[in-house]
Amino acid sequence: MLACNGVKQDCLSQGGFNGVPHGVSGESLLLAIQSHVCRTMRTLRYNGKASVSSLRFPASQVASMSDSHPATNQSFYDRISHAYDLISDAGEHKARERGEQALSVMEGERVLEIGFGTGNTMIHLATAVGESGCVSGIDVSTGMLAVATKKLAAKGFSERVDLCVGDARKLPYKDNSFDAVFASFTLELFPLEDIPEVLSEVARVLKPGGRIGVVSMATVKEGQMPSELEKTYIWMHEHFPHIVDCQPIDVVQLVSDAGLNVQQEIEMTIWSMPVRCVVATVG
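Numbered by this note's numbering, the letters in the sequence shown go through residues 1139 to 1421 in order.
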């Protein structure tokens, strides 16, 4: 609600919503704002530097962070981590779980999740790899680390998971470490110019023949018309990127441009907006 009020005041200070795309109602505009405030808050933790001074995690759990963005909003996001499932997961879990199924993680594999959040996917991955496998996760939020650690411990998975705070543009793992990497509603939170760097890191840490599964907000395919909500969202991103910072991306093209071999594409929608799952391999 605070973020929505901030948008309204910002727009009014500039003389109203001039330039709203034709046919988009005020109700649709507000729906776009409210639906994606949660994504904006998630964006903050991928564009910020985590502050760990107030939390007692072992130093080995905190990886090197980028200094290119301020951390002024990080502590706020950490504070809402305990309510994050209520804020965001209800609208995303079906698409995320479809992506998990497409990745087809098997027993004994070593898997990495980028942006593990509250640990819901980590539970599924840890179940899939079994006692002979292991799952690693990286996220920039120390609050999310605390929530996910507690959730995984309650499920009895502490021994087969390894979580850390860090920057996906500089993954703290050795080359050829993982059989599979998964990222759900995460890649589109990075600035477009940083996404190739993230995918390059993914390719580096994957074993030859390893798989990457990505679920993301997606651009409308050529020849298709965007919905009113899609147009509104794009307009909001263009005019108020500090409020709606994530963006629909051509995930298939980005993954292909990174030298990964696309094996599968799955088309989905959330609130009439396209979501795309891509599974690709290295080598």
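Here a beta-carbon is modelled for each residue, glycine too, at the ideal position from N, C-alpha and C. As the structure is a prediction and not an experimental result, all values here were calculated from the model.
- For G1421, the three-state secondary structure derived from DSSP is coil.
- The count of Cβ pairs closer than 8 Å, one atom from the segment 1316-1328 and one from the segment 1338-1356, reaches three, so the stretches are in contact.
- Per DSSP, the continuous beta strand (DSSP E) segment holding N1399 begins and ends at 1399-1408.
- Here E1238 is buried, its C-beta having at least 16 other C-beta atoms within 10 Å.
- Cα atoms of G1294 and M1363: separation of roughly 47 Å, rounded to the nearest angstrom.
- Residue state for M1244 is assigned as coil, using DSSP reduced to three classes.
- Collapsing the DSSP output to three states places P1346 in a strand.
- Your pair E1245 and G1271 checks out as a contact, with CB atoms roughly 6 Å apart and the cut at 8 Å.
- Contact annotation: L1301 and A1286 have beta-carbon atoms nearer than 8 Å.
- Residue pairing of P1329 in beta bridges, as defined by DSSP: absent, with no partner found.
- The three-state secondary structure of S1394, taken from DSSP, is helix.
- For V1303, the enclosing beta strand (DSSP E) has its first and last residue at 1299-1303.
- The alpha-carbon of T1259 is positioned some 31 Å away from that of W1373.
- A1284 and E1360 have their C-alpha atoms spaced approximately 42 Å apart.
- In the DSSP secondary-structure assignment, P1412 is bridged to T1407.
- For G1257, the closest alpha carbon among the candidates K1232, V1299, R1236 is that of V1299.
- DSSP places I1261 outside any beta strand (DSSP E); the residue lies instead in the alpha helix (DSSP H), whose first and last residues are 1258-1267.
- In this structure, the alpha-carbon of V1267 lies about 44 Å from that of H1377.
- Pairing E1326 with D1332, the inter-Cα distance amounts to about 10 Å.
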